[in-house]
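Since the structure comes first, as structure tokens, the remarks are kept for the end.
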Amino acid sequence: MNGGIDVAGRRPSTMVAAWAVAGAALYVVVGLVSLFVVATVEQTVLEPLGLGGQPGTSSWGIVLASHPLVWGIATAMVAGRLGRRLVPDTRFTIGPALVLIVGLLLAATTMYLLHEYARERYGWFDPEYVGFADFAAPAVVAVALASWAAAAIPRERRKPLVVAHIAAVAALGLALLPSLPGVQDGIRTSSIPLATILVIDVAFAVVSASLSITRRRAI
Numbered sequence: 000m001n002g003g004i005d006v007a008g009r010r011p012s013t014m015v016a017a018w019a020v021a022g023a024a025l026y027v028v029v030g031l032v033s034l035f036v037v038a039t040v041e042q043t044v045l046e047p048l049g050l051g052g053q054p055g056t057s058s059w060g061i062v063l064a065s066h067p068l069v070w071g072i073a074t075a076m077v078a079g080r081l082g083r084r085l086v087p088d089t090r091f092t093i094g095p096a097l098v099l100i101v102g103l104l105l106a107a108t109t110m111y112l113l114h115e116y117a118r119e120r121y122g123w124f125d126p127e128y129v130g131f132a133d134f135a136a137p138a139v140v141a142v143a144l145a146s147w148a149a150a151a152i153p154r155e156r157r158k159p160l161v162v163a164h165i166a167a168v169a170a171l172g173l174a175l176l177p178s179l180p181g182v183q184d185g186i187r188t189s190s191i192p193l194a195t196i197l198v199i200d201v202a203f204a205v206v207s208a209s210l211s212i213t214r215r216r217a218i
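In numbering that gives the first Met the number 0, the protein residues as written are 0 to 218.
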């Protein structure tokens, strides 16, 4: 009998863990699919209208910046439906949804400013020009999604989602760590917007993770 009670008691947390694992897989799969979707729409719809992005111009940065938005929104839509199936008492509310949107906007802005940084210095954007910082925007997308998901679950059962959230924050830190030596040499005036958004990204990540750990489920 005790064994049956223990299993029943553990089942909700197990399902939250399953949702966290499924969400991580969705994040990767949707990220790749949405990249293809953005490229396809840009080539087949926007280019014929004269609205396509031109490599080496700011318009290409806008195309790149649209990917984190599509990625995050699509992942949230699928993960939300899955979460309700796996964890019946999952509750999504306006506050965390707004935090998700803010995070995705930060990710999009980060991607755009990375593009502009590379374009200003090299005349062209290539991931090699920005190094590991190219992973900053994807990490912020992950942070925003983890924050949104954790807020939908009662605090006593959200540990798997908190772990995912902390992992996303750590990924952001690792993406930015190689850039720190350059900061010691001084920040060029043209790089101030990028440096500012990266600081905001880190603040967003740390604050949102702290809230995931300490707050009760959002109302």
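Quick reminder that beta carbons are idealized off the backbone N, C-alpha and C, glycines included.
Coarse secondary structure for residue i, derived from DSSP in three states
i      : result
Phe203 : helix
Val140 : helix
Pro153 : coil
Val86  : coil
Gly102 : helix
Gln42  : helix
Thr188 : helix
Arg118 : helix
Phe124 : coil
Test item: CB-CB of residue i and residue j under 8 Å
i      : j      : result
Glu115 : Gly52  : no
Val168 : Ala117 : no
Val140 : Leu193 : no
Leu105 : Ile199 : yes
Own chain residues within Cβ distance below 6 Å of residue i, not counting five before or after
i      : result
Phe134 : Ala174
Neighbour-count burial assignment, residue i, 16 or more Cβ in a 10 Å radius
i      : result
Leu202 : Correcting the residue type first, residue 202 is Ala in the shown sequence and not Leu. Classification of Ala202: exposed, given that the 10 Å Cβ count is below 16.
Ala149 : buried
Glu247 : Residue 247 cannot be examined here, being either before or after the span of the chain that is shown, 0 to 218.
Pro137 : buried
Arg187 : exposed
Met110 : buried
Within-8 Å CB hit, residue i to chain B
i      : result
Trp123 : Annotation note: the requested chain B is absent from the structure, which comprises a single protein chain.
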